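Novice: Numbering (my numbering), first residue to last: 8 to 384. Glycine included, C-beta positions come from ideal geometry on N, C-alpha and C. Source: prediction; values computed, not measured. Mind looking over this structure? Questions follow.
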């Protein structure tokens with residue numbers, strides 16, 4: 008199931024852009040109003056410049072600054088780059104995508120995750136580099152490539168950019184109201200009450216008198232719609248990775264994520280942390296071992312070895328056995344409700360993450376079953 012699309016836009020990305028059009032119009036009004044307060048002449052120039060500023064965020068230098076400043080990413084070291092090149096070459100070759108279209112970065116976060124950012128950045132956490140073997144790392148990167156190919160990343164970035172003035176104005180109003188009511192003085196409370204009534208009156212007037220309900224209602228329901236679209240985008244990216252043949256490896260990663268979310272602090276899948284001074288990822292020297300532990304299937308960077316096999320798939324006519332996440336132990340299963348109860352009733356964040364991983368896991372298994380049904384017998 009080969010995907011040779013370099014970059015595009017699917018239904019989730021297009022819907023995200025359409026949902027944020029109303030709040031983008033409010034942002035345009037905010038920019039125009041602030042410019043007119045400074046100089047009426049600026050009210051004709053600044054809004055136009057702001058409208059054309061969106062595509063600038065996809066310039067390579069701007070993207071690099073965003074990756075460093077906003078997401079805390081860094082360029083990979085030579086050793087990390089060698090390993091990522093091996094894995095990334097397999098993913099892009101299966102997808103029919105030019106590997107130079109996107110840049111690989113490292114994110115210093117203690118979780119098994121990867122991120123698609125800006126228009127050309129695919130980042131993987133250093134923790135994932137240390138914990139995941141090549142097959143699972145390729146599945147994670149294939150998922151992030153699915154976000155780029157589907158247009159989810161650049162659509163979300165444009166939507167956030169054009170919604171920024173409106174959101175900043177809304178947060179400023181909320182901060183002002185909070186400050187006025189926090190004074191606990193009759194003058195501050197009176198001013199806060201008057202400002203609240205003015206906001207309610209403006210919303211009612213725009214909605215019912217001016218007939219601008221098509222702006223007010225989408226803005227009010229925007230967070231829920233965007234959250235739903237983000238979930239749809241995750242499903243589509245997972246389906247993309249499954250279509251490239253990384254379904255079983257991605258399933259294993261999601262099972263581990265669900266188990267970690269259900270029981271925070273539980274040991275993570277994969278090899279344990281390496282002691283200081285050891286390489287940040289497993290390496291294999293021909294005929295040698297690391298303190299009695301040999302890492303099968305991990306080629307040493309720079310040496311010519313057959314490509315990393317992917318679980319349950321044949322490569323160049325040679326079948327490979329399905330790799331178990333733990334040698335000699337049964338395949339992991341997603342945790343049930345009992346695990347959530349054991350984690351404690353106050354861990355709302357863990358429950359939310361568990362629900363997301365569970366939903367993604369069900370979607371991956373559904374796509375895999377459909378793929379098996381379509382394959383010739």
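Quick one: measure Cβ to Cβ for residue 149 and residue 98, integer angstroms, because I've assumed they're closer than 8 Å.
Specialist: Right, the Cβ-Cβ distance comes to about 5 Å (below 8 Å), so this counts as a contact.
Novice: Which of the three DSSP states, helix, strand or coil, is assigned to residue 89?
Specialist: The answer is helix: DSSP assigns residue 89 an H, G or I state.
Novice: Check whether the Cβ atoms of residue 364 and residue 265 lie closer than 8 Å to each other.
Specialist: Yes, the pair counts as a contact, with Cβ atoms nearer than the cut-off.
Novice: Look at the Cβ atom of residue 223, then the Cβ atom of residue 210, and state whether they are nearer than 8 Å.
Specialist: For residue 223 and residue 210, yes; Cβs fall inside 8 Å.
Novice: Helix, strand or coil for residue 16? Go by DSSP, reduced to three states.
Specialist: Three-state result, residue 16: coil.
Novice: Which value, in whole angstroms, describes the spacing of the CA atoms of residue 212 and residue 227?
Specialist: So the alpha carbons of these two residues sit roughly 15 Å apart.
Novice: When the Cα atoms are used, what is the spatial distance from residue 202 to residue 44?
Specialist: Their Cα atoms are separated by approximately 20 Å.
Novice: Label residue 193 either buried or exposed according to how many other C-beta atoms from any shown protein chain fall within 10 Å of its C-beta, with 16 as the threshold for buried.
Specialist: Answer is exposed; the Cβ neighbour count stays below 16.
Novice: Alpha helix (DSSP H) containing residue 55: first to last residue?
Specialist: Its alpha helix (DSSP H) spans residues 49 to 58.
Novice: In terms of residue numbering, what span does the alpha helix (DSSP H) encompassing residue 202 cover?
Specialist: Counting along the chain, the alpha helix (DSSP H) containing residue 202 begins and ends at 193 to 211.
Novice: Looking at residue 153 and residue 248, is the spacing between their C-beta atoms short of 8 Å?
Specialist: Yes.
Novice: Would the region 183 to 200 count as touching the region 50 to 70 if we require 3 or more Cβ pairs under 8 Å?
Specialist: Output reads no: the region 50 to 70 does not touch the region 183 to 200.
Novice: In chain order, what residues of the same chain lie with their CB nearer than 7 Å to the CB of residue 334, ignoring the 5 residues before and after it?
Specialist: For residue 334, the predicted model reports a pLDDT of 41, less than 50, meaning its position is unreliable and no value from the coordinates is stated.
Novice: By DSSP's criteria, residue 81 is part of a beta bridge. Which residues make up the other side?
Specialist: Per DSSP, 113.
Novice: To the nearest angstrom, report how far apart residue 170 and residue 163 are at their CA atoms.
Specialist: The straight-line gap from Cα to Cα measures roughly 10 Å.
Novice: Quick check: the region 25 to 42 against the region 171 to 183, are at least 3 beta-carbon pairs closer than 8 Å?
Specialist: Verdict: yes, contact present.
Novice: Pull up the DSSP beta-bridge partners for residue 122, would you.
Specialist: Partner(s): 130.
Novice: Where does residue 219 fall in DSSP's three states?
Specialist: It is coil, neither helix nor strand.
Novice: Per DSSP, what kind of secondary structure is residue 230 in: helix, strand or coil?
Specialist: DSSP places residue 230 in helix when its eight states are reduced to three.
Novice: In the DSSP assignment, find the unbroken alpha helix (DSSP H) run with residue 70 in it and report its ends.
Specialist: Note, residue 70: alpha helix (DSSP H), 67 to 76.
Novice: Taking a contact to mean a Cβ-Cβ separation below 8 Å, would you say residue 135 touches residue 124 in this structure?
Specialist: No, the Cβ-Cβ distance between residue 135 and residue 124 is not below 8 Å.
Novice: Roughly how many angstroms lie between the CA atoms of residue 89 and residue 30, to the nearest whole one?
Specialist: Roughly 43 Å between the two C-alpha positions.
Novice: Determine the direct distance from the alpha carbon of residue 160 to that of residue 15, and round the result to whole angstroms.
Specialist: Rounded to whole angstroms, residue 15 to residue 160 spans 11 Å at the Cα level.
Novice: Taking contact to mean at least 3 C-beta pairs separated by less than 8 Å, is the region 234 to 244 in contact with the region 365 to 379?
Specialist: Enough Cβ pairs lie closer than 8 Å, so yes.
Novice: How should residue 114 be labelled, buried or exposed, when 16 other C-beta atoms within 10 angstroms of its C-beta is the threshold for buried?
Specialist: Flag for residue 114 reads buried.
Novice: Taking buried to mean at least 16 other C-beta atoms within 10 Å of its own C-beta, is residue 40 buried or exposed?
Specialist: Answer is exposed; the Cβ neighbour count stays below 16.
Novice: Can you list, in chain order, the residues of its chain whose CB lies under 8 Å from that of residue 214, leaving out five sequence neighbours each side?
Specialist: 220, 223 and 224.
Novice: Roughly how many whole angstroms lie between the Cα atoms of residue 155 and residue 216?
Specialist: Taking the straight line from one Cα to the other gives about 42 Å.
Novice: When we look at the beta-carbon of residue 141 and count the other beta-carbons within 10 Å, is it buried (16 or more) or exposed?
Specialist: Buried: at least 16 other Cβ atoms inside 10 Å.
Novice: Any chance you could list the beta strand (DSSP E) runs of at least 3 consecutive residues sitting entirely within the region 126 to 170, in chain order?
Specialist: List check, beta strand (DSSP E) in window: 128 to 132.
Novice: Considering just the uninterrupted stretch of the alpha helix (DSSP H) at residue 39, what are its terminal residues?
Specialist: Segment 28 to 45, the alpha helix (DSSP H) holding residue 39.
Novice: With 16 as the cutoff for other CB atoms within 10 Å, does residue 131 come out buried or exposed?
Specialist: Under this definition residue 131 is a buried residue.
Novice: Can you tell which of 72, 48 and 91 has its C-alpha closest to the C-alpha of residue 1?
Specialist: Only positions 8 to 384 of the chain appear in the structure, and residue 1 is not among them; the question remains open.
Novice: Could you confirm whether any beta carbon from chain C is found closer than 8 Å to the beta carbon of residue 61?
Specialist: In the structure shown, chain C does not exist; there is a single protein chain.
Novice: Grouping DSSP H, G and I as helix and E and B as strand, with all else coil, what is residue 108?
Specialist: Three-state DSSP puts residue 108 in a helix.
Novice: Looking only at its own chain, which residues have a Cβ that is under 8 Å from the Cβ of residue 187, when we skip the five neighbours before and after it?
Specialist: Once the five neighbours on either side are set aside, the close Cβ partners of residue 187 are 195, 196, 198, 199 and 202.
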